[in-house]
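The block underneath contains the structure these notes are about, expressed in structure tokens.
Protein chains: 2
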Amino acid sequence: MSRVAKKTATASEASAKAAEKPTQKRVRRTADEARRLILDAAEKRLARQGPEGLRLQDIARDVGISHPAILHHFESREGLVRALIARTNKQLRDSLLGALGDGDTSRDAADHIGHVFEALSDKGTARLLSWLLLTGRATEESDAHNIMGEIVDVLQDRREEYAEKKGTAAPDKEDTLFIAMLTANAAFGEAIVGRQLAEAAGLDQHGIKRFRKWFAKLINDHLEAKR
Amino acid sequence: MSRVAKKTATASEASAKAAEKPTQKRVRRTADEARRLILDAAEKRLARQGPEGLRLQDIARDVGISHPAILHHFESREGLVRALIARTNKQLRDSLLGALGDGDTSRDAADHIGHVFEALSDKGTARLLSWLLLTGRATEESDAHNIMGEIVDVLQDRREEYAEKKGTAAPDKEDTLFIAMLTANAAFGEAIVGRQLAEAAGLDQHGIKRFRKWFAKLINDHLEAKR
DNA sequence: CGATATATTGACAATAATGTCAATATAGCC
DNA sequence: GGCTATATTGACATTATTGTCAATATATCG
């Protein structure tokens, strides 16, 4: 009841002289641009504040628009979430496969692993995907499946090429899969609990880098031993 | 407006004869028992449905009480969350340190690692803690810090004992820390994305076990190489 | 320039969740 | 058996958030 009275203030504000139509200005973006800005803002909120930071009004404020505009572009909050998931999956896929499939044979396991960690920690991608998995939204949009499969295939090809060149035995495919799984698990884990654990252990940013290098070497040693 | 009319039904139900006071029965638990039941229900909801499954009314229904009873025992929803975090931290600490500090030297790295994975996947402990970290509730209740520190200390002691007995060089402490971090990260990661990745790779329950064994062997090999 | 499509908005509706409170039932104690 | 403390509850208040809608401004196209 008290809320109704408040809005009369805007009316008085508009009637500075006797203007019936204040003719307020608006910024009008293309639909794609608007969608991009909204997704960017949502991504940032999610990375910073977690799942509960995804409120339409907050995102709208960040972008500088009103919240119905978001509904207009994404139909519903769920639509926004789905779009965000789809975009993040796509970005992750491009980032990972792009680095792997570069054809640059000079890159070794350490490079690949470093890239995986960066791709997942960058912009809180792992946080977003984790939340998606925690809330059980993953069964429907099982894009992640394909990504994993593709990556393992690429890796296996690389190892087979390498083995053939060296004339050694063909690598075990399950071994390749397990390496990929461990790397993915560790990268996700680090994105979520890594900072806490590192802090607890008194590690600074540089210590985390040392950890990643240590891990890369562990994998490299394993690869060497298999040859 | 329409909601008011609905409740008259209960009145008619109560007036089977002319009973002014239906004298409804109640189950009355001790405060501790009630708190325990509520926390159990909240834990299950969280493990199954993620963060969004933590609604007072749902939990109350699971326990078979009304939602104000939860408020009575935990002050607020936040209070419930904090209590749940505290209990989970305690359980995890006991589980991990208990297994590690058992003084049983017959246990090797594989046993320890298996235990860590089980402790975190059991009851969705990792899911709960992940959510806690994702929502940024960890900085205050930094119990996790202590746990990590304690575990690394215990592990380091073990390695030093072992090295002394074998007469080999003392192990690097950072190496021990990194092993613990990797194990923790991997276990967390597996709890969150592991199932998805495993499914994507066509692994069944047994495949996941093989992965864990593979990981344990990887660590064991590393330990051997260090000696 | 005029018409059309649509991006944008303010106000409101609907819903859902937490939290408050007085009333009530029950266990434990004298 | 009566008393006291408190666990429990139904009804209600409060608040926050998503979603709807008609109105409006603006880019684009003829």
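Residue numbers (this note's numbering), protein chains in the order written: chain A, 21 to 247; chain B, 21 to 247. Quick reminder that beta carbons are idealized off the backbone N, C-alpha and C, glycines included.
- When the Cα atoms are used, I167 (chain A) and V174 (chain A) turn out to be separated by approximately 11 Å.
- Within chain B, the residues whose beta carbon sits less than 8 Å from that of V213 (chain A) are L149, S150, L153, A164, A204, N205, F208, listed in sequence order.
- Membership of V47 (chain B) in any alpha helix (DSSP H) is not indicated, and neither H nor E is assigned to it by DSSP.
- Comparing alpha carbon positions, the residue from B:H87, B:G84, B:L152 closest to R107 (chain B) is B:L152.
- For S115 (chain A), the enclosing alpha helix (DSSP H) has its first and last residue at 97–120.
- For G70 (chain B), the CB contacts under 8 Å within the same chain, skipping 5 residues up- and downstream, are R147, W151 in chain order.
- In the three-state DSSP reduction, L217 (chain B) falls in the helix class (H, G or I).
- Less than 9 Å separates the beta-carbon of I133 (chain A) from that of F235 (chain A).
- In this structure, A220 (chain A) sits away from N205 (chain B), with a CB-CB distance that is not shorter than 9 Å.
- Residue nearest to F94 (chain B) within the set B:L74, B:A129, B:I58 is B:I58 (criterion: CA-CA distance).
- When C-alpha distances from K64 (chain A) are compared across A:A245, A:L140, A:G144, the shortest belongs to A:G144.
- Any Cβ of chain B closer than 9 Å to the Cβ of D195 (chain A) would place that residue at the interface, and such an atom is present.
- Using a Cβ-Cβ cut-off of 9 Å, Q69 (chain A) counts as an interface residue toward chain B, since at least one Cβ of chain B sits closer than that to its own.
- Between the alpha carbons of V136 (chain A) and E244 (chain A) lies a gap of roughly 21 Å.
- C-alpha of A211 (chain B) to C-alpha of S141 (chain B): approximately 6 Å in a straight line.
- Here T188 (chain A) is not near V172 (chain A), since their CB atoms are 9 Å or more apart.
- In terms of CA proximity to D131 (chain A), A:K237 leads the group A:K237, A:A62, A:R179.
- At a cut-off of 9 Å between beta-carbon atoms, I167 (chain B) makes contact with chain A.
- Among the CB atoms of chain A, none fall inside 9 Å of the CB of L116 (chain B).
- According to the DSSP assignment, I90 (chain A) belongs to the alpha helix (DSSP H) that extends over 87–94.
- In the three-state DSSP reduction, G70 (chain B) falls in the coil class, being neither helix nor strand.
- Boundaries for G84 (chain B): no alpha helix (DSSP H) harbours it, and the DSSP string shows neither H nor E there.
- Contact between the segment 104–120 of chain A and the segment 76–89 of chain A is absent: fewer than 3 CB-CB pairs across the two stretches fall below 8 Å.
- For the pair D241 (chain B) and K246 (chain A), the Cα-to-Cα distance works out to about 12 Å.
- With contacts defined as CB atoms closer than 9 Å, F231 (chain A) and A218 (chain A) qualify as a contacting pair.
- Its Cα nearest to that of E138 (chain B), the residue B:S115 stands out among B:S115, B:L149, B:L154.
- Assignment of R65 (chain B) by DSSP, reduced to helix, strand and coil, places it in the helix class.
- Contact check for I239 (chain B) against T203 (chain B) passes: the beta carbons are separated by less than 9 Å.
- With contacts defined by Cβ atoms closer than 9 Å, L104 (chain A) and V213 (chain B) do not form a contacting pair.
- Between the alpha carbons of A61 (chain A) and G73 (chain A) lies a gap of roughly 11 Å.
- The DSSP-derived three-state label of L154 (chain A) is helix.
- Residue A:G169 holds the alpha-carbon nearest to the alpha-carbon of K193 (chain A) among A:K186, A:G169, A:R215.
- Collapsing the DSSP output to three states places D224 (chain B) in coil.
- Exclusion of the five residues before and after A129 (chain B) leaves A236, I239, N240, L243 as the residues of its chain whose Cβ lies within less than 7 Å of its Cβ.
- Out of B:K45, B:R68, B:A89, the CA that lies nearest to the CA of R56 (chain B) is found in B:A89.
- Across the segment 47–76 of chain B, CB contacts with chain A closer than 8 Å involve Q69, G70, P71, E72, in sequence order along the chain.
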